[in-house]
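Going line by line, the protein sequences match chains A and B. Here the first sequence is numbered in the numbering used here, starting from 19 and rising by one per residue. Here the second sequence is numbered in the numbering used here, starting from 16 and rising by one per residue. Even glycine gets a Cβ: it sits at the ideal position worked out from N, Cα and C. Predicted, not measured: the structure shown is a model, and the values here were computed from it. To start, the structure itself, in C-alpha cells.
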Amino acid sequence: MLELRLVQGSLFKKVLDGIKDLVNDANFDCSSTGFSLQAMDSSHVALVALLLRSEGFEHYRCDRNISMGMNLSNMAKMFKCAGNDDIITIKADDGGDTVTFMFESPTQDKISDFEMKLMSIDSEHLGIPEAEYHAIVKMPSSEFARICRDLSTIGDTVVISVSKEGVKFTTKGDIGIANIVCRQNTSVDKPEEATVIEMNEPVSLTFALRYMNSFTKATPLSNIVTISLSNELPVVVEYKIAEMGYVRFYLAPKIEE
Amino acid sequence: KSSQGRLESFFKRT
C-alpha cells in the first residue's frame, strides 16, 4: 500500500511540467526515503533525477518499495485537472496495475479522483558517483532561463566557461556570435538574486542548447539554479525543491574530435 | 568539429 499526501499539490504539477518534455515514460520509485525517479531522454544525452523526501509530505505511507511506470504526458493531463491550491494524494496498491490521484480543494468542497493505468518500462539506471566539481555557479533561475532562451535564437550550442572573470555563456550561429558574462554578485538585497561562483579550476564545456532550454522548464520550482561543472563530466543543473528535495538534470557535453 | 557525448560514456549502468 502506498499513500502520499502533499498539501502543496502544485509542486507535483511543477515537477511534471519541468520534466515531461525531456522524458516520455518513467518509473517512479517509492521507498521509505521518498518518491524518486531517474530517467534518460531517448537519445541518452540527458538524464533527470528527482527526489521528494518522505519528510516533506503531510502523510507518507509506503509499506514496501514499489516502482510505478507512468507515461508523463498522460500524468500531466490528469494533473492539469487539479487546481493550483489543491491537496494531492497519490495512492496505489502493492502489485496493482493502476495508480490513483486524488485532488481535494482547500475548502474540501470538491474532491476528484483519477485512476491511471501503469505501464511496464524497461529503464536503464545509471550510477551517478558523487564528484568534486571544478566550478559551481549559483544564479537566479529566471536569469539562466533567459540566457538559454536568448542564445538559442542565435546558435545551437552553448560554451559555458568559468574563470576568475565570472561565468561566460557563448554561442555561434550563421548570423554571428554572442557572449554573455555573469560576474559574481553577492551585494544584492535578496539572496535569491545573487550570483555566486565557486571555482577550483577553470572550466570550459560545450552543450546542446536544446537540452538546456528543456531543463529550464523546471524554473518555477526554485528561484535559484545551481550549475556544477567539471571538464569531461556531464553538467548538473539543479533546481532545489524547498524542504523536500530536488530535480537534477545531467547533460553530456559535446566532445571535440 | 564536435560530437554529442552520451551519458553511458561517463556513468556506469547499475
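Three-state secondary structure assigned by DSSP to residue i
i, result
"A:Pro-238", "helix"
"A:Leu-69", "strand"
"A:Arg-201", "coil"
"A:Ile-37", "helix"
"B:Lys-16", "coil"
"A:Leu-55", "strand"
"A:Lys-208", "coil"
"A:Phe-267", "strand"
"A:Phe-46", "strand"
"B:Leu-22", "helix"
"A:Ser-28", "helix"
"A:Gly-74", "helix"
"B:Thr-29", "coil"
"A:Met-262", "coil"
"A:Ile-139", "coil"
"A:Gly-101", "coil"
"A:Ser-123", "coil"
"A:Gly-87", "strand"
"A:Gly-194", "strand"
"A:Val-63", "coil"
"A:Ser-246", "strand"
Residue range of the beta strand (DSSP E) that includes residue i
i, result
"A:Met-134", "129-135"
"A:Ile-105", "105-110"
"A:His-77", "77-80"
"A:Glu-256", "253-259"
"A:Ser-181", "175-181"
"A:Val-185", "184-191"
"A:Ile-146", "Neither: A:Ile-146 is in no beta strand (DSSP E) and is coded neither H nor E."
"A:Glu-216", "214-217"
"A:Glu-274", "272-274"
Residue interval of the alpha helix (DSSP H) (run including residue i)
i, result
"A:Arg-7", "Outside the displayed range of chain A (19 to 275) lies residue 7 of chain A, so it cannot be described from this structure."
"A:Met-19", "Where A:Met-19 is concerned, there is no enclosing alpha helix (DSSP H), given that its DSSP letter is neither H nor E."
"A:Thr-97", "Note on identity: in this sequence residue 97 of chain A is Phe, with Thr being the wrong assignment. Its alpha helix (DSSP H) spans residues 90-97."
"A:Arg-228", "227-233"
Cβ shell of residue i (< 7 Å), same chain only, five flanking positions each side left out
i, result
"A:Val-214", "Lys-156, Gln-202 and Thr-204"
"A:Glu-122", "Asp-104, Ile-105 and Ile-129"
"A:Glu-210", "Pro-158, Asn-241 and Ile-242"
"A:Leu-251", "Ala-149"
Beta-carbon contacts of residue i that lie in its chain and below 6 Å, excluding the five residues immediately before and after
i, result
"A:Met-262", "Leu-70, Arg-71 and Gly-74"
"A:Ala-94", "Leu-34 and Lys-38"
"A:Ile-198", "Ile-165 and Phe-187"
"A:Asp-81", "Met-19"
"A:Met-230", "Cys-166"
"A:Phe-132", "Met-96 and Phe-119"
"A:Lys-109", "Glu-21 and Thr-118"
"A:Asn-83", "Ser-49"
8 Å Cβ shell around residue i - same chain, five flanking residues per side excluded
i, result
"A:Glu-219", "His-152, Ala-153 and Asn-249"
Given residue i as reference, the closest of the options once Cα atoms are compared
i, options, result
"A:Glu-216", "A:Leu-24, A:Ser-179, A:Asn-42 and A:Pro-252", "A:Ser-179"
"A:Tyr-264", "A:Thr-237, A:Glu-275, A:Leu-251 and A:Pro-271", "A:Thr-237"
"A:Ile-242", "A:Gln-26, A:Ser-222 and A:Glu-161", "A:Glu-161"
"A:Ala-163", "A:Lys-208, A:His-143, A:Ile-193 and A:Thr-244", "A:Thr-244"
"A:Val-277", "A:Phe-46, A:Phe-30, A:Gln-126 and A:Ile-146", "Limits of chain A in this structure are 19 at one end and 275 at the other, which puts residue 277 of chain A out of reach."
"A:Cys-99", "A:Val-255, A:Phe-30 and A:Lys-272", "A:Phe-30"
"A:Gly-87", "A:Ala-67, A:Glu-76, A:His-77 and A:Asp-47", "A:Asp-47"
"A:Asn-92", "A:Asp-127, A:Gln-126, A:Glu-76 and A:Lys-135", "A:Lys-135"
"A:Ser-232", "A:Ala-44, A:Leu-247, A:Gly-113 and A:Val-255", "A:Val-255"
"A:Val-41", "A:Lys-32, A:Leu-239 and A:Ala-57", "A:Ala-57"
"A:Phe-267", "A:Ile-273, A:Glu-183, A:Phe-225 and A:Thr-107", "A:Phe-225"
"A:Lys-258", "A:Val-25, A:Gly-191 and A:Lys-32", "A:Lys-32"
Check: residue i C-beta below 7 Å from any heavy atom of the ligand ATP
i, result
"A:Cys-48", "Of ligands this structure carries none, so the ligand ATP is not represented either."
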